[in-house]
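**Student:**
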Amino acid sequence: MNQFYKKLFTAILIISSIASLQVQAQSYEMKKANRLYDRMAYSPAIDCYKKALGKEDNWEAKEKLADCYRKTNDYIDAEYWYSQVVLSNSATPEEKLYYAQMLQENGKMDEAQKWYAEFNRLRPTDSRGAKGENACKMIQKFYADSIMYRTQLMPFNSSKSDISPVYYQDGLVFASDRIAGTGVKRIYEWTGDPFYNFFFVKKIDVNSYGKPHLWEGRANTRVHDGVATFSRTGDEMYFTRDNFNKGKMRRSLDKIVKLKIYHQSRTAEGWTAADEFEYNGNEYSTGHPTLSADGQYLYFCSDRPGGYGGTDIYVCKREGNRWGAPQNLGNDINTEGNEMFPYIAYDGTLYFASNGHTGLGGLDIYSTTQKDGKWSKPRNMGYPVNSNKDDFGICTNDLNNEGYFTSNRRGTDDIYSFQKTCLMLNALVYDAQTNEPIEASSVKVIENGAQKDPKTTDKDGKFSMCLSSGHDYEFRASKDGYQDNSTTLNTLSYGNDRAEVKIPLTKIAVFELKGKIYNEGSKLPMAGVKVTLESLCDNTKQDITTGPDGKYSFKLQADCKYKVTAIKQNDKEKCLAVTIEKSTMGLKNSQTLYADIGLICQGDIIRIDNIYYDLDKSAIRPDAAAELDKTLDLFKKYPTLKIELRSHTDCRAADDYNLKLSQRRAQAAVTYLISRGVDPKQLTAKGYGETMPVNKCVDGVPCTEAEHQQNRRTEFKILSF
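Using my numbering, the first residue of the sequence shown is number 49, and each one after it goes up by one.
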């Protein structure tokens, strides 16, 4: 082998050896990182994954690095690495959900909304996608009640994590991973910080606290101890601890240390040793206990099998000296996400933290109340109690108007106090008939007799405002087209939550009278008719003159009676005046009344239908008599009315015969009316035979029976009034 090839071969061997060493180094870093990750040592795993990525573009390292940052609450770095992960075709729907959550926690709502929508597309049955997308759209809603609470960072926080305070004696018991004491402190690999212990801080006055110190009970160990609840007497304590038994950590089959609830009692000799809650398990976590004020119910969270998602909230009822079986609070409370840190207040209000309901981001604090065995829809407490970071671990005083909570809005878990500065009022103005909200209604606010600035309802018929405690309020709502209405409220009876008022408005009933004036003879509309509406309530009158369409209309008042008179009399035309009555008495809803009025005018010819005679007879048949009886009211109403009763025949007999027959028939009708009480002076009988056909049916023209029947008719002609 010549010198050139020898040198080349040597160079190849050197390069291959270097590459082999790099692969071995990368493999070592990934193996080490994965070992740390698998035992949930996320904090040290981060450095190993970063070293692995420094040597090659490794998708698995990016995926797990994003997860490590998320689980150690470093949302900025978690967002960056999830932004790399979701670009891969191998990205899971859950990783896209986590990316959306990191964006939301970092305040990037528009981008978060897009990725929530993507997760919703991939997992439509998982409500977290739709809820997250909706939360980003309605983010401002969570800030609407921001004046309702005043929050303050507590002076006893440390640079480490301080969480979940609860009232105890004259101060607070809380959990913290701050360094305390002189002994060697073990490090929790998940976070790289010490394990949690219980601390106590005394409250000196409203804004002053003593120096926190390790709680002197027997609950603290060398593993995680945190999130406690005490009985009202302070003699019973339930708390959360790692699965720690007889001085040893106990792991599940998947090598994870689960959480358990422990119990201890205070006796004259001090606190007893802790014993396990009977519904703990080695393969799932059970923790975050809270006792009801009467000590009869124990609420907690658990990821035990059979839940709705990550961790769910459960409750047990005390049965003698033991607890009944845990009952899941159901999917009104629990979601596909995590429901954690329950706290049951003195009045039974349940507070809890969740990342599965619609919220600002991360864990938000919600409240719910129980009625008839059913929990109300959880209400987000809004800003400033909640933020776009994790907010949890709340406790309240007996009135629910102040307390403490935990938030990592500054980058680490800190304890804050909150005070309710006012009673938040949610008001609704709505249509009493349809139940639809009334937009832009004006509401006058009277506080202790003094008028405040008025409120205007939004498109949902609502408005909100803060009310002072112990004051009397009146709310007077008004809207055009509605009757005013009001309601009152005394805030002394609302010591805890927000108040609600609903003000129904009833539409002012609008009544209208419409009709048409027509000629009784021709049935055609009449122009130039004077129509007068007379109110019998106040004796006022309104007039209108009809146009070519003969129509008229009037506005009417509620609960009133009216007379309507139609008249037309002039040199060319004289008509009988007609008066009718209309009423809105007892009518509640708006409506239009109708009244068409037929006028009889001098010279009018009015046909009387259904006046039949037997063939070649002039006697009045019973059916004809019934029709003639219908005209009797006209004669009674107008005693000076004079008419000509006219009878006609068809053309199918001799002219002279038809003329005489028609005269006999006309006279028979007159005689009948006289027998019924009509003055003979008002009646004239006239037979016209076949001289006045209404169609083509004259002698020599073939016609149907129906056409001949049209000519066999009886008519009234108005001669005078």
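In this text, a Cβ means the ideal position worked out from N, Cα and C, and glycines have one as well.
(1) Kindly indicate which residue of N706, P141 and L201 has the alpha-carbon position closest to the one of N255.
(2) Quick check on this structure: which residue in Y327, P750 and T719 has the alpha carbon closest to the alpha carbon of G372?
(3) Starting from S710, trace the alpha helix (DSSP H) both ways and give me its first and last residue.
(4) Thinking C-alpha only, which one of T504, M285 and K80 is nearest W319?
(5) Taking just the CA atoms, how far does E127 sit from I107?
(6) Ordered along the chain, which non-local residues of its own chain (more than five positions away) have a Cβ less than 7 Å from that of G569?
(7) Just the Cα atoms here: how many angstroms apart are G180 and D158?
(8) Closer than 6 Å by C-beta to C585: which residues in its own chain qualify, once you throw out the five before and the five after it? Chain order, please.
(9) With a floor of 3 residues, list each beta strand (DSSP E) that falls wholly inside the stretch 439–519, ordered by position along the chain.
(10) Can you give me the C-alpha to C-alpha distance between L69 and A93, rounded to a whole angstrom?
(11) Helix, strand or coil for C751, going by three-state DSSP, please let me know.
(12) Going by DSSP, what residue range makes up the alpha helix (DSSP H) through Q200?
(13) State the DSSP-derived secondary structure class of V133, mapped to helix, strand or coil.
(14) Answer yes or no: the CB of I195 versus the heavy atoms of the ligand SAH, is any distance below 6 Å?
(15) Might you give, ordered along the chain, the residues of its own chain that have their beta carbon closer than 8 Å to the beta carbon of V275, omitting 5 neighbours on each side?
(16) If D479 and K555 are in contact, beta carbons under 8 Å, what's the gap, nearest whole angstrom?
(17) Does the distance from the CB of E692 to the CB of L767 come in under 7 Å?
(18) Just to check my reading of the structure: Y736 and R700 have Cβ atoms closer than 8 Å, yes? What is that Cβ distance to the nearest angstrom?
(19) Provide the residue(s) that pair with S534 in DSSP beta bridges, ordered along the chain.
(20) Which runs of the beta strand (DSSP E) fall wholly inside the stretch 241–317 and span at least 3 residues, in chain order?
(21) Nearest CA to the CA of C745: which residue from C443, D698, S206 and Q418?
(22) D290: buried (16+ other C-beta within 10 angstroms of its C-beta) or exposed?
(23) Enumerate in chain order the residues of its own chain whose CB-to-CB distance from Y164 is below 6 Å, with the five nearest sequence positions on each side excluded.
(24) Could you check which residue in F204, Y244, Q758 and F243 has the C-alpha nearest to that of K251?
(25) With H, G and I counted as helix, E and B as strand and the rest as coil, what does DSSP make of I124?
(26) Shortest alpha-carbon distance to L447 belongs to which of T460, M150, E387 and S517?
(27) So, under 8 Å CB-CB, D520 and N538 are touching, yes? Tell me the CB distance rounded to an integer number of Å.
(28) For M150, does the count of other Cβ atoms within 10 angstroms reach 16, so buried, or fall short, so exposed?
(29) Terminal residues of the continuous beta strand (DSSP E) containing G735?
(30) Given this structure, state the Cα-to-Cα distance separating A183 from I463, to the nearest angstrom.
(31) How would you label P670, buried or exposed, when you count the other beta carbons within 10 angstroms and need 16 or more for buried?
(32) Kindly indicate which three-state DSSP category I94 falls into: helix, strand or coil?
(33) When DSSP labels each residue in this structure, what does L682 get in the three-state scheme?
(34) Can you tell me the Cα-Cα spacing of K422 and G378, whole angstroms?
(35) Below 8 Å on the Cβ atoms is my contact criterion, and I expect G385 with R352 to pass it. Report the Cβ-Cβ distance as a whole number of Å.
(36) Determine the DSSP secondary structure at E763, reduced to helix, strand or coil.
**Tutor:** Judging by the given coordinates:
(1) Residue mapping note: residue 255 aligns to position 207 of the sequence shown, counting from 1. Measuring from the Cα of N255, the nearest candidate turns out to be L201.
(2) By 1-based counting over the sequence shown, the position of residue 372 is 324. When only C-alpha atoms are compared, the closest one is Y327.
(3) If you number the sequence shown from 1, residue 710 lands on position 662. First-last of the alpha helix (DSSP H) with S710: D703 to S723.
(4) Reading the sequence shown from its first residue, position 271 is the one you call residue 319. It is M285.
(5) Indexing the sequence shown from 1 puts residue 107 at position 59. Indexing the sequence shown from 1 puts residue 127 at position 79. The sequence as given places Trp at residue 107; Ile does not occur at that position. The straight-line gap from Cα to Cα measures roughly 15 Å.
(6) Sequence index remark: in the sequence shown, residue 569 carries index 521 (1-based). Closer than 7 Å at the Cβ level, and outside the excluded window around G569, lie D652, I653 and I654.
(7) Against the sequence shown, residue 180 aligns to sequence position 132. Against the sequence shown, residue 158 aligns to sequence position 110. Rounded to the nearest whole angstrom, the C-alpha separation of G180 and D158 is 11 Å.
(8) Position 537 of the sequence shown, counted from the start, is the residue given in the question as residue 585. Correct list, in chain order: C608.
(9) Counting only runs of 3+ residues, the beta strand (DSSP E) found wholly inside the stretch 439–519 occupies 439–444, 450–455, 462–468, 471–479, 490–495 and 510–515, in chain order.
(10) Against the sequence shown, residue 69 aligns to sequence position 21. Against the sequence shown, residue 93 aligns to sequence position 45. Unreliable positioning characterises L69 in this predicted model, as indicated by a pLDDT of 38, which lies under 50. The coordinate reading is nonetheless provided below. Those two C-alpha atoms are separated by around 22 Å.
(11) Locating residue 751 in the sequence shown gives position 703, where the first residue counts as 1. In this structure, DSSP gives C751 a state outside helix and strand, which the three-state scheme calls coil.
(12) Along the sequence shown, read from residue 1 onward, the residue named residue 200 stands at position 152. Counting along the chain, Q200 falls outside any alpha helix (DSSP H), though it belongs to the beta strand (DSSP E) covering Y197 to L201.
(13) For this step, residue 133 is matched to residue 85 along the sequence shown. Helix, per DSSP.
(14) The ligand SAH is absent from the structure shown, which contains no ligand whatsoever.
(15) Taking the first residue of the sequence shown as position 1, residue 275 is located at position 227. I211, S212, A223, F287, T288, G335, H336, P337, F389 and G441.
(16) Counting from 1 along the sequence shown, the entry for residue 479 is found at position 431. Counting from 1 along the sequence shown, the entry for residue 555 is found at position 507. That pair is a contact at about 7 Å.
(17) The count along the sequence shown starts at 1 and reaches residue 692 at position 644. The count along the sequence shown starts at 1 and reaches residue 767 at position 719. In contact: E692 and L767 (Cβ atoms closer than 7 Å).
(18) By one-based count along the sequence shown, residue 736 stands at place 688. By one-based count along the sequence shown, residue 700 stands at place 652. R700 and Y736 do not touch by the CB rule: their CB atoms are close to 15 Å apart, not below 8 Å.
(19) Position 486 of the sequence shown holds residue 534. R524.
(20) Taking only runs of at least 3 residues, the beta strand (DSSP E) segments lying wholly in the stretch 241–317 are 245–253, 273–278, 284–290 and 307–315.
(21) Position 697 of the sequence shown, counted from the first residue, corresponds to residue 745. Comparing Cα-Cα distances from C745 to each of C443, D698, S206 and Q418, the minimum goes to D698.
(22) Counting from one through the sequence shown, the residue named residue 290 turns up at place 242. Looking at its Cβ environment, which holds 16 or more other Cβ atoms inside 10 Å, D290 is buried.
(23) Translated into the one-based positions of the sequence shown, residue 164 becomes position 116. A148, G177, G180 and E181.
(24) To locate residue 251, count along the sequence shown from 1; it is residue 203. From the listed residues F204, Y244, Q758 and F243, the smallest Cα separation to K251 is found for F204.
(25) By one-based count along the sequence shown, residue 124 stands at place 76. In this structure, I124 counts as helix in the three-state DSSP scheme.
(26) Counted from its first residue, the sequence shown places residue 447 at position 399. When each option's Cα is compared against that of L447, the closest is S517.
(27) Counting from 1 along the sequence shown, the entry for residue 520 is found at position 472. Counting from 1 along the sequence shown, the entry for residue 538 is found at position 490. Contact holds; Cβ gap of about 5 Å.
(28) Taking the sequence shown and counting its residues from 1, the one referred to as residue 150 is at position 102. With 16 or more Cβ atoms within 10 Å of its Cβ, M150 is classed as buried.
(29) Numbered from its first residue, the sequence shown carries residue 735 at position 687. Segment L731 to G735, the beta strand (DSSP E) holding G735.
(30) On the sequence shown, residue 183 is found 135 positions in, with the first residue counted as 1. On the sequence shown, residue 463 is found 415 positions in, with the first residue counted as 1. Rounded to the nearest angstrom, the two C-alpha atoms are 25 Å apart.
(31) As a working mapping, residue 670 is identified with position 622 in the sequence shown. Classification for P670: exposed.
(32) Reading the sequence shown from its first residue, position 46 is the one you call residue 94. Under the three-state reduction of DSSP output, I94 falls in the helix class.
(33) Position 634 of the sequence shown, counting from 1, holds the residue named residue 682. Three-state result, L682: helix.
(34) The residue given as residue 422 occupies position 374 in the sequence shown. The residue given as residue 378 occupies position 330 in the sequence shown. K422 and G378: Cα-Cα distance of roughly 9 Å.
(35) Locating residue 385 in the sequence shown gives position 337, counting from the first residue. Locating residue 352 in the sequence shown gives position 304, counting from the first residue. Taking the Cβ atoms as the reference, G385 lies roughly 16 Å from R352, outside the contact range of under 8 Å.
(36) Start at 1 with the first residue of the sequence shown, and residue 763 comes out as number 715. DSSP places E763 in strand when its eight states are reduced to three.
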